[in-house]
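Q: Residue numbers (our numbering): 5 to 513. Got a structure for you, questions after.
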Amino acid sequence: MEESSDCSPESLANDDRYVMAKHAAVYPTAEELEAVQSLVSVVEGGLKYVSDWLINSTKASDVISTEPEEPNPKCGGPLVGVMRVGSVAKGLLIKGLMDLELVLLCREKPTKNLLLTICTNLPLQMKKLSEDKHTVQPCIPEAAILVFNDNRLDLPLRVILTSMQIKNQELEKNQVENTKVKDPSDLLDQQRCLLALASLRHAKWFQVRVSGKRSCLIVMRILRDICSTRPVWAPLKGWPVELICEKAFATSYRALRPSETLRRVLECISSGIFLPGGPGLHDPCEKKEVDTLSAMTTDQAELLTYTAQQALRLLAFGQIYRFLEVDPLPTAKPAMVSKLPQREVSETSAGSLPSDGTSDCKEKEETLSKSSGNKSTHGSSSTKVKIQGPVLTARGKNPVMELNEKRRGLSYNLITENGESQQQRFIIEVEVDGLRFRGCGPNKRVAKANAALAAIERLFSAHNANSNKRKRPYTKELKTFVLIFTFNVLSDVVRSCVRSDGTRYCFYS
5 MEESSDCSPE
15 SLANDDRYVM
25 AKHAAVYPTA
35 EELEAVQSLV
45 SVVEGGLKYV
55 SDWLINSTKA
65 SDVISTEPEE
75 PNPKCGGPLV
85 GVMRVGSVAK
95 GLLIKGLMDL
105 ELVLLCREKP
115 TKNLLLTICT
125 NLPLQMKKLS
135 EDKHTVQPCI
145 PEAAILVFND
155 NRLDLPLRVI
165 LTSMQIKNQE
175 LEKNQVENTK
185 VKDPSDLLDQ
195 QRCLLALASL
205 RHAKWFQVRV
215 SGKRSCLIVM
225 RILRDICSTR
235 PVWAPLKGWP
245 VELICEKAFA
255 TSYRALRPSE
265 TLRRVLECIS
275 SGIFLPGGPG
285 LHDPCEKKEV
295 DTLSAMTTDQ
305 AELLTYTAQQ
315 ALRLLAFGQI
325 YRFLEVDPLP
335 TAKPAMVSKL
345 PQREVSETSA
355 GSLPSDGTSD
365 CKEKEETLSK
375 SSGNKSTHGS
385 SSTKVKIQGP
395 VLTARGKNPV
405 MELNEKRRGL
415 SYNLITENGE
425 SQQQRFIIEV
435 EVDGLRFRGC
445 GPNKRVAKAN
455 AALAAIERLF
465 SAHNANSNKR
475 KRPYTKELKT
485 FVLIFTFNVL
495 SDVVRSCVRS
505 DGTRYCFYS
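Here is the structure:
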């Protein structure tokens, strides 16, 4: 896929500055990250002590209502382990969205009694690990336990209980319908438990596919902030925005800068993948075909696509700061305004000015001043245009189009592609009348135009000159014969002829 030619190194560097400035504004401070790490570590250690206490407790059989099973030497306590999920496991914490989540995996289906038992014993075990005071609250509708640090109430931690037995029962439900296992009456919400299992799969997928990709992580944090603050982007909040960012980054054939990653994400959304009839966003962590945005309405999809297209236009015109809602950064090198008076240069000639030379600019101005004759021009400080003009022939046409008029059906072949992503050089070759001509440029379009221009200058420049010589203007040297008819009294016709040398003769009929 050919990269767009408007992404110059200077514009990409400026876009990266804005992206990094936005990332610095949403990234948590060192104190917040330290508080998060301390709270998560204390809760994980406390749950480990709770698991040991449940194993050694003589009242475990009264607290947990389970049916008698065959003796299994590998069988342990009711708690299997605790894992980090969500933003904590993925490293996507941002300011204002410090949603801390842990998943407590149980051996059997979690019950309300088990949840309340853990809530009762967890504060006692956490005192062994930290001197800070913590508040533990049960949240039975969400099948979770809420833990707060009394010094940082803005950092709540949710511990969600789940079990692999719930997933296994869902798989076996279609196979054996008659054999039903008697479940406890105080089971927690199984839908919440299934969502917790899905978050475990998401965390494992994220560690394999995204961890270590710095540009992708930066864009994910920025888009998480945008999804939480702008209602239009709210449908992408959470797992969908992580999927779309990973897909946009993984489909590139080279490493991308943060600004390039953001551009590719906006291009994907702008293409209409969320609109009705589009491919949607497939969940890779599910065995069945599941669209993560199936709940999005048509109006939301159309508005989101339109907003992404508007943002893409802002990026194309160098106004990425308007989409990110950050202040424009000061330019690194302010433009130097010349104090010498300069003549005005028209827009048509400014397009063909070189990007680095001032002598060529002066020659253009002198030529314009000579052609103007007696017309006086007032000196003014005109801005220098540092954009390389289009490649044109002597007639002012596009070389590829002019060569196509003379020789149709030509094929242009890419010979080499050298340089890094921002300093690439393309060489394209075209064969005309058995001769091969090559052209180079920073992109394929310019290289193709240079190859066509080389063929025109070699094969058709002499032909145009000869054709111009053969076309002579109409002069007095050409012999002209003028017949003048007059009638005299005798009704004779007088014919008068004039030669080129000026002699005149006449005769009568």
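Backbone N, C-alpha and C fix where the C-beta goes; we use that ideal spot for every residue, glycine too. Model, not experiment: these values are computed from the prediction.
Taking the Cβ atom as the reference point for each residue, do Leu407 and Leu418 lie within a distance shorter than 9 Å?
A: For this step, residue 407 is matched to residue 403 along the sequence shown. For this step, residue 418 is matched to residue 414 along the sequence shown. Not a contact, by the Cβ cut-off of 9 Å.
Q: State the CB to CB distance for the pair Ala147 and Ile164, rounded to an integer number of angstroms; the pair is presumed to be in contact (CB under 8 Å).
A: Residue mapping note: residue 147 aligns to position 143 of the sequence shown, counting from 1. Residue mapping note: residue 164 aligns to position 160 of the sequence shown, counting from 1. Right, their Cβ atoms sit about 6 Å apart.
Q: Going by beta-carbon coordinates alone, are Lys116 and Leu191 separated by less than 9 Å?
A: Sequence index remark: in the sequence shown, residue 116 carries index 112 (1-based). Sequence index remark: in the sequence shown, residue 191 carries index 187 (1-based). Contact: yes.
Q: Can you check whether the C-beta of Asn125 is within less than 9 Å of a C-beta belonging to chain B?
A: Of the protein chains in the structure, only one exists, and it is not chain B.
Q: Could you tell me whether the region 87-101 touches the region 203-212, using the rule of 3 or more Cβ pairs below 8 Å?
A: yes
Q: Return the chain-ordered list of same chain residues with a C-beta closer than 8 Å to the C-beta of Asp295, the five sequence neighbours on each side being excluded.
A: Translated into positions along the sequence shown, residue 295 becomes position 291. Excluding residues within five positions, the ones whose Cβ falls inside 8 Å are Gly284, Leu285, His286, Asp287.
Q: Since Pro142 sits in a beta bridge, which residues does DSSP pair it with?
A: Within the sequence shown, the letter at position 138 stands for residue 142. Paired residue(s): Ile149.
Q: Hey, quick one: how far does the alpha helix (DSSP H) through Arg218 stretch, first residue to last?
A: Working through the sequence shown from its first residue, we reach residue 218 at position 214. First-last of the alpha helix (DSSP H) with Arg218: 218-233.
Q: Which partner residues does Tyr416 have in the DSSP bridge list?
A: In the sequence shown, counting from the first residue as 1, residue 416 sits at position 412. Beta-bridge partners of Tyr416 (DSSP): Val434.
Q: Quick check on the DSSP output: what are the complete alpha helix (DSSP H) runs of length 4 or more inside the region 287-316, in order along the chain?
A: none
Q: Taking buried to mean at least 16 other C-beta atoms within 10 Å of its own C-beta, is Leu128 buried or exposed?
A: Residue 128 sits at position 124 when you count from the first residue of the sequence shown. So Leu128 ends up on the exposed side.
Q: How big is the Cα-Cα spacing for Val151 and Met87?
A: Taking the first residue of the sequence shown as position 1, residue 151 is located at position 147. Taking the first residue of the sequence shown as position 1, residue 87 is located at position 83. Using only the alpha carbons, I get a separation of about 16 Å.
Q: Would you tell me roughly how many angstroms separate the C-alpha atoms of Asp56 and Lys137, rounded to the nearest one?
A: Within the sequence shown, the letter at position 52 stands for residue 56. Within the sequence shown, the letter at position 133 stands for residue 137. Their Cα atoms are separated by approximately 22 Å.
Q: According to DSSP, simplified to helix, strand and coil, what is Val330?
A: Your numbering for residue 330 matches position 326 in the sequence shown. DSSP places Val330 in coil when its eight states are reduced to three.
Q: Give the straight-line distance between the Cα atoms of Gly438 and Pro394, rounded to the nearest whole angstrom.
A: Mapped onto the sequence shown, residue 438 falls at position 434. Mapped onto the sequence shown, residue 394 falls at position 390. Cα to Cα, Gly438 sits roughly 27 Å from Pro394.
Q: Buried or exposed: where does Leu333 fall if 16 or more other Cβ atoms within 10 Å of its Cβ makes it buried?
A: In the sequence shown, counting from the first residue as 1, residue 333 sits at position 329. Answer is exposed; the Cβ neighbour count stays below 16.
Q: On a Cα-Cα basis, can you pick out the residue from Gln427, Arg411, Thr311 that is closest to Pro235?
A: As a working mapping, residue 235 is identified with position 231 in the sequence shown. Out of Gln427, Arg411, Thr311, Thr311 has the C-alpha closest to the C-alpha of Pro235.
Q: Considering only DSSP beta bridges, list what Phe441 is partnered with.
A: For the purposes of this step, residue 441 is taken as the residue at position 437 of the sequence shown. Bridge partners of Phe441: Val434.
Q: For the beta strand (DSSP E) that Pro160 lies in, which residues bound it at each end?
A: What you label residue 160 is simply residue 156 of the sequence shown in a count that begins at 1. Where Pro160 is concerned, the enclosing beta strand (DSSP E) stretches over 156-167.
Q: Going by the beta-carbon positions, is the gap between Arg267 and Phe253 smaller than 9 Å?
A: Within the sequence shown, the letter at position 263 stands for residue 267. Within the sequence shown, the letter at position 249 stands for residue 253. Against a cut-off of 9 Å, the Cβ pair of Phe253 and Arg267 comes out as no contact.
Q: If you draw a straight line from the C-alpha of Thr302 to the C-alpha of Pro239, how long is it?
A: Taking the sequence shown and counting its residues from 1, one reaches residue 302 at position 298. Taking the sequence shown and counting its residues from 1, one reaches residue 239 at position 235. About 12 Å.
Q: Just tell me which of Glu409, Ala451, Ala398 has its CA closest to the CA of Thr420.
A: The residue labelled residue 420 in the question sits at position 416 within the sequence shown. The shortest Cα separation from Thr420 among Glu409, Ala451, Ala398 belongs to Ala451.
Q: With three or more C-beta pairs closer than 8 Å as the rule, is the region 222-234 touching the region 273-281?
A: Taking 8 Å as the limit for Cβ pairs, the verdict is that the region 222-234 does not touch the region 273-281.
Q: I'd like to check one pair, Tyr31 with Val330: are the Cβ atoms closer than 9 Å?
A: Counting from 1 along the sequence shown, the entry for residue 330 is found at position 326. Counting from 1 along the sequence shown, the entry for residue 31 is found at position 27. No; because the gap between Cβ atoms is not below 9 Å, this pair is not in contact.
Q: In the DSSP assignment, what residue or residues form a beta bridge with Met4?
A: Within the shown structure, residues of the chain are numbered from 5 to 513, placing residue 4 beyond reach of any answer.
Q: Need the endpoints of the alpha helix (DSSP H) that Arg411 sits in, please.
A: Translated into the one-based positions of the sequence shown, residue 411 becomes position 407. Run containing Arg411: none; DSSP gives neither H nor E here.
Q: Would Phe430 and Ala458 be called neighbours here (beta carbons separated by less than 9 Å)?
A: Numbered from its first residue, the sequence shown carries residue 430 at position 426. Numbered from its first residue, the sequence shown carries residue 458 at position 454. No, they are not a contact pair.
Q: Under 8 Å Cβ to Cβ from Val436, same chain only, skipping five residues before and after it: list those, please.
A: Here residue 436 is taken as the residue at index 432 of the sequence shown, counted from 1. Hits under 8 Å: Leu407, Arg411, Leu414, Ala459, Leu463.
Q: Determine the direct distance from the alpha carbon of Cys123 to that of Gln514, and round the result to whole angstroms.
A: Residue 514 lies beyond the residue range present for the chain, which begins at 5 and ends at 513; the question has no answer from this structure.
Q: For Asn422, list the residues DSSP reports as bridge partners.
A: What you label residue 422 is simply residue 418 of the sequence shown in a count that begins at 1. Asn422 is bridged to Arg429.
Q: By alpha-carbon positions, which one of Lys241, Arg261, Leu396 ends up nearest to Ile222?
A: On the sequence shown, residue 222 is found 218 positions in, with the first residue counted as 1. Residue Arg261 is the option with its Cα nearest to Ile222.
Q: Do you know offhand how far Val107's Cα is from Ala207's?
A: Position 103 of the sequence shown, counted from the start, is the residue given in the question as residue 107. Position 203 of the sequence shown, counted from the start, is the residue given in the question as residue 207. The straight-line gap from Cα to Cα measures roughly 11 Å.
Q: Measuring alpha carbon to alpha carbon, tell me which of Val245, Arg196, Gln194, Pro188 ends up nearest Phe210.
A: As a working note, residue 210 is residue 206 in the sequence shown. If we check each option's Cα against that of Phe210, Val245 comes out closest.
Q: So Lys401 is in the alpha helix (DSSP H); what residue range does that whole segment cover?
A: Taking the first residue of the sequence shown as position 1, residue 401 is located at position 397. No alpha helix (DSSP H) holds Lys401; DSSP gives it neither H nor E.
Q: Which residues in the same chain as Phe282 place their Cβ atom closer than 6 Å to its Cβ, once the five residues preceding and following it in sequence are excluded?
A: As a first step, residue 282 is located in the sequence shown; it is residue number 278 there, counting from the start. For clarity, residue 282 is Gly in the given sequence; the question names Phe instead. So the qualifying residues of the chain are Gly276.
Q: Excluding the five sequence neighbours on either side, which residues of its own chain have a C-beta within less than 8 Å of the C-beta of Ile248, listed in chain order?
A: Sequence index remark: in the sequence shown, residue 248 carries index 244 (1-based). For Ile248, where only same-chain residues beyond five positions count, the Cβ hits under 8 Å are Leu240, Val269, Cys272, Ile273, Leu285.
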